[in-house]
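Peer 1: Shown below is the structure under consideration.
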């Protein structure tokens with residue numbers, strides 16, 4: 001019996017099955033597994049908010065960018081493989097069609113159909129390679145480069161604000177040491193220290209706000225990247241779906257995962273996992289006056305005057321901040337009554353400014369209350385009361401200096417107190433009382449130097465010190481007028497500095 005391969009159904013099924021078995025090898029199993037893993041929800045444990053997790057957020061964003069870059073490289077290599085495969089398959093088809101031209105009959109027609117099918121399959125793989133390269137690889141590379149450029153100014157802003165905080169803290173520490181050593185300039189140095197502590201707190205709050213804004217901006221960039229990755233995933237799905245019917249099974253499995261993508265749920269889960277799980281306490285380093293520390297040996301009157309001077313400086317700053325808070329509070333109330341009066345960003349900045357002002361008032365009032373309590377204890381007066389009293393912690397650092405920290409719970413951070421700073425006598429509220437004796441600021445029990453007499457000197461006043469050439473004098477204080485306070489053989493008094501030489 002004659003056999004016609006072109007009309008035989010068994011031969012047709014064999015040829016068709018061979019073509020489909022080759023098509024199932026186009027997409028490797030490892031690449032299919034990578035696609036399936038990429039479509040699952042992001043394996044993020046928590047999403048950073050505020051400065052506490054900013055470094056983790058930055059590392060996470062960087063890993064996401066590297067992931068996108070790796071996907072682009074994989075798809076680029078896939079496109080090259082598809083193109084190479086298409087070229088090789090096209091050459092084989094051309095050879096087969098050329099070989100068939102010398103033959104005739106149904107057998108030749110059957111092999112000619114095989115050559116035509118190979119050419120069509122090569123064209124499919126060529127189109128797939130072009131689609132992957134033009135629609136996914138190049139745009140994905142551009143997206144990654146643009147996001148890297150966009151992250152640089154954001155991270156630079158955080159570094160700049162952190163550097164500013166470090167500089168302010170350094171200035172605060174230097175001025176604090178200076179206030180302990182230069183007793184003759186105590187009032188001026190104390191005021192500078194208070195102002196720089198105020199500036200340091202302002203810098204800390206600015207850094208806090210900058211970190212919060214940077215985290216929000218980075219989150220927006222991450223949402224943009226995730227939206228783009230979803231778009232590229234859909235495009236990849238579209239290109240794969242045009243392959244022969246035998247690959248439809250792979251497409252169906254992949255399509256189920258693509259449809260399951262829910263960006264809103266992903267973002268919600270990320271925020272829940274990466275967000276702060278517990279409300280953090282606000283910690284503010286308060287102003288510490290050296291006169292508060294009883295370990296420092298000081299004249300009692302001088303200690304009280306130093307405390308009063310600090311209270312005057314703090315009272316002026318508190319009054320200034322309260323006036324500023326009243327103005328910002330009125331502006332917030334106007335925005336609440338008329339939401340269209342300003343854009344949302346301006347309203348948010350105003351609310352943030354109100355929170356900063358309240359936190360600054362907490363910082364100043366707690367410092368004033370702490371120093372005022374010390375002064376009242378020295379003067380035997382009734383101790384003042386304040387809502388922050390239970391939240392002030394005093395410890396000592398490695399150098400044995402007192403460090404006072406205000407730790408307020410979240411529910412008290414933005415509550416305004418009714419604390420009154422008018423606890424000093426009127427004469428001290430107007431101006432610190434003058435010192436009767438220019439040497440009262442010096443502690444009689446704390447020598448600062450020794451000197452040798454160059455000439456004889458005879459006292460002309462009752463508070464002056466007489467000595468002879470060669471005598472060794474213990475110095476307790478110096479003034480800008482050229483007179484020093486000293487002691488020799490149990491006698492104390494003032495003497496001209498031009499008559500002695502410091503040892």
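Numbering (full-length UniProt numbering), first residue to last: 1 to 503.
Don't be surprised by glycine CBs; every beta carbon is placed ideally from N, CA and C.
Does residue 377 come out as helix, strand or coil in the three-state DSSP assignment?
Peer 2: Helix, per DSSP.
Peer 1: Leaving aside the five residues before and after residue 255 along the sequence, list all residues of the same chain whose C-beta is less than 7 Å from its C-beta, in chain order.
Peer 2: So the list reads 237, once near-sequence residues are dropped.
Peer 1: Considering only C-alpha positions, which residue in the set 493, 487, 453, 120 is nearest to residue 461?
Peer 2: The shortest C-alpha separation from residue 461 is found at 493.
Peer 1: Just to confirm, is the Cβ distance from residue 341 to residue 332 under 8 Å?
Peer 2: Contact: no.
Peer 1: Return the residue from the list 93, 391, 121, 367 that minimises the CA-CA distance to residue 282.
Peer 2: Ranking 93, 391, 121, 367 by Cα distance to residue 282 puts 391 first.
Peer 1: With DSSP as the reference, label residue 388 as helix, strand or coil.
Peer 2: Coil.
Peer 1: Rounded to whole angstroms, what's the CA-CA distance from residue 291 to residue 307? Just pull it up for me.
Peer 2: Cα-Cα distance, rounded: 6 Å.
Peer 1: Taking only runs that begin and end inside the region 294-362, name each unbroken alpha helix (DSSP H) of 4 or more residues, in chain order.
Peer 2: Those alpha helix (DSSP H) runs which fall completely within the region 294-362 and span 4+ residues are 300-337.
Peer 1: Quick one: what's got a C-beta closer than 6 Å to residue 176's C-beta in the same chain, skipping five residues either side?
Peer 2: If we look at residue 176 and ignore the five residues flanking it on each side, its Cβ neighbours are 193.
Peer 1: Using three-state DSSP, classify residue 447 as helix, strand or coil.
Peer 2: In this structure, residue 447 counts as coil in the three-state DSSP scheme.
Peer 1: Could you pull the start and end residues of the alpha helix (DSSP H) that residue 228 belongs to?
Peer 2: From DSSP, the alpha helix (DSSP H) with residue 228 extends over 186-240.
Peer 1: Per the contact definition of three or more C-beta pairs closer than 8 Å, is the region 140-157 in contact with the region 55-72?
Peer 2: Touching, per the Cβ criterion.
Peer 1: Please tell me whether residue 368 and residue 406 are closer than 8 Å, where the distance is taken between their beta carbons.
Peer 2: Going by C-beta atoms, residue 368 is not nearer than 8 Å to residue 406.
Peer 1: I need the DSSP call for residue 137, collapsed to helix, strand or coil.
Peer 2: The answer is helix: DSSP assigns residue 137 an H, G or I state.
Peer 1: Got a sec? Which residues, its chain only, sit under 7 Å from residue 158 by beta carbon, not counting five neighbours each side?
Peer 2: So the qualifying residues of the chain are 54, 210, 211, 214.
Peer 1: In or out: residue 457 buried (at least 16 other Cβ within 10 Å) or exposed?
Peer 2: Residue 457 should be labelled buried.
Peer 1: Please go through the same chain and pick out, in chain order, the residues whose beta-carbon is closer than 7 Å to the beta-carbon of residue 454, but skip the five residues on each side of it.
Peer 2: The residues are 469, 499, 500, 501.
Peer 1: On a CA-only basis, which of 286, 404, 401, 394 is nearest residue 360? Give me that one, please.
Peer 2: Answer by Cα proximity: 286.
Peer 1: Using 10 angstroms around the beta-carbon of residue 374, count the other beta-carbons present and answer buried if the total reaches 16, otherwise exposed.
Peer 2: That one is buried.
Peer 1: Going by DSSP, what residue range makes up the beta strand (DSSP E) through residue 476?
Peer 2: Segment 472-478, the beta strand (DSSP E) holding residue 476.
Peer 1: Grouping DSSP H, G and I as helix and E and B as strand, with all else coil, what is residue 284?
Peer 2: Strand.
Peer 1: Just to check my reading of the structure: residue 89 and residue 239 have Cβ atoms closer than 8 Å, yes? What is that Cβ distance to the nearest angstrom?
Peer 2: That pair is no contact at about 18 Å.
Peer 1: Taking just the CA atoms, how far does residue 376 sit from residue 195?
Peer 2: So the two alpha carbons sit approximately 24 Å from each other.
Peer 1: Would residue 354 pass as a contact of residue 329 if the rule is Cβ separation under 8 Å?
Peer 2: Yes, Cβ-Cβ distance for residue 354 and residue 329 is below 8 Å.
Peer 1: So is residue 385 buried or exposed if we call it buried at 16+ other beta carbons inside 10 Å?
Peer 2: When all chains shown are included, residue 385 counts as exposed.
Peer 1: On the criterion of 16 or more Cβ atoms from any shown chain inside 10 Å, does residue 259 qualify as buried, or is it exposed?
Peer 2: With fewer than 16 other Cβ atoms within 10 Å, it is exposed.
Peer 1: Note the first and the last residue of the continuous beta strand (DSSP E) segment covering residue 403.
Peer 2: It spans 402-408 - the beta strand (DSSP E) in which residue 403 sits, taken as one unbroken run.
Peer 1: Does DSSP classify residue 460 as helix, strand or coil?
Peer 2: Here residue 460 sits in coil by DSSP.
Peer 1: Am I right that residue 495 and residue 484 are in contact with their C-beta atoms under 8 Å? What's the rounded C-beta distance?
Peer 2: The Cβ separation is near 6 Å, so the contact holds.
Peer 1: Along the chain, where does the beta strand (DSSP E) that runs through residue 93 open and close?
Peer 2: Residue 93 -> not in any beta strand (DSSP E); alpha helix (DSSP H) instead, spanning 54-100.
Peer 1: Please report how far the alpha carbon of residue 443 lies from the alpha carbon of residue 486, in whole angstroms.
Peer 2: Confidence at residue 443 is low in this model, with a pLDDT of 46, below 50, so the placement of that residue is unreliable and no value is reported for it.
Peer 1: Which stretch, first to last residue, makes up the beta strand (DSSP E) that contains residue 492?
Peer 2: 491-496 is the span of the beta strand (DSSP E), which, as asked, contains residue 492.
Peer 1: Do the region 213-232 and the region 153-167 meet, that is, are 3 or more Cβ pairs less than 8 Å apart?
Peer 2: Cβ pair count under 8 Å is three or more, so yes.
Peer 1: Span of the beta strand (DSSP E) holding residue 500?
Peer 2: Residue 500 -> beta strand (DSSP E) spans 500-502.
Peer 1: Quick one: grab the DSSP three-state call for residue 142.
Peer 2: Here residue 142 sits in helix by DSSP.
Peer 1: According to DSSP, is residue 260 part of a helix, a strand, or is it coil?
Peer 2: It is coil, neither helix nor strand.
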